[in-house]
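In my numbering, the protein residues as written are 31 to 273.
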């Protein structure tokens, strides 16, 4: 997507947010105007004019579902999957992990009105499609556990899903994040259930090589019981209700 297109998309998003109005006084919002739209678009990073996808972004763009539609729904209804969500949409997209206090939402990026609705839409679809959910595991960041809570009404926080407190990661730090998150991805759910994980982009990329984009993107994994997993499908927030 061109930089100009991203800015146009941002203006449309702002219009939707204004139309929706505030739905929860506990969530702080950042004012977005045409004057700072280009700055925010630049903070999003990928896909601007003259820029190429990173390897992780390209892997996300190239991913092909192994199951879709009714076949995917049937598999999920039988359980046995790990569903990794990147948290729902936030007001702005920037790296906050260096200074963020996970115990203080005001120091972090927060869910936008659209993000709140995305999470609720996901939860409604899981209920309506009778997709069984067992454990729901979230990072300690507010945007992650709020996504989990809005969608599934439960969550347990796990610091292994947190960012390391650096903006640019060394190979060793990426390896550390992979070591942290992999046990959660390979653990088989209880019989007849699916495990839901709500985390972040770089955490998932460290273990799979795939940068999940946009926010709210989910990947369905199938642990094999031998310490590995298979990537089955990816899903946007509004696609769950269409299964």
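For every residue, glycine included, the Cβ atom is placed at its ideal position computed from N, Cα and C.
Beyond the five residues adjoining it in sequence on each side, residue 150 comes within less than 6 Å, by CB distance, of 180 in the same chain, given in chain order. Cβ contact annotation for residue 185 (same chain, cutoff 8 Å, sequence separation greater than five): 166, 167, 168, 175, 178, 179 and 228, in chain order. DSSP assignment within the segment 110-147 yields the following whole beta strand (DSSP E) runs of 3 residues or more, N-terminal first: 112-116. For residue 186, the pairing in a beta bridge is given by DSSP as 167.
Secondary structure at residue 247: coil, using DSSP grouped into helix, strand and coil. Under a 10 Å Cβ-count criterion, residue 198 is classified as exposed, with fewer than 16 other Cβ atoms of the shown protein chains found around its own Cβ. Residue 105: member of the alpha helix (DSSP H) spanning 99-108, first to last residue.
Taking C-beta atoms as the reference points, residue 241 and residue 82 fail to come closer than 8 Å.
The Cβ atoms of residue 191 and residue 161 lie no closer than 8 Å to each other. Annotated as distal: residue 116 and residue 268, with beta-carbon spacing of 8 Å or more. At the C-beta level, residue 211 and residue 113 stay beyond 8 Å of one another.
Less than 8 Å divides the Cβ of residue 248 from the Cβ of residue 264. For residue 264, the enclosing beta strand (DSSP E) starts and ends at 259-265.
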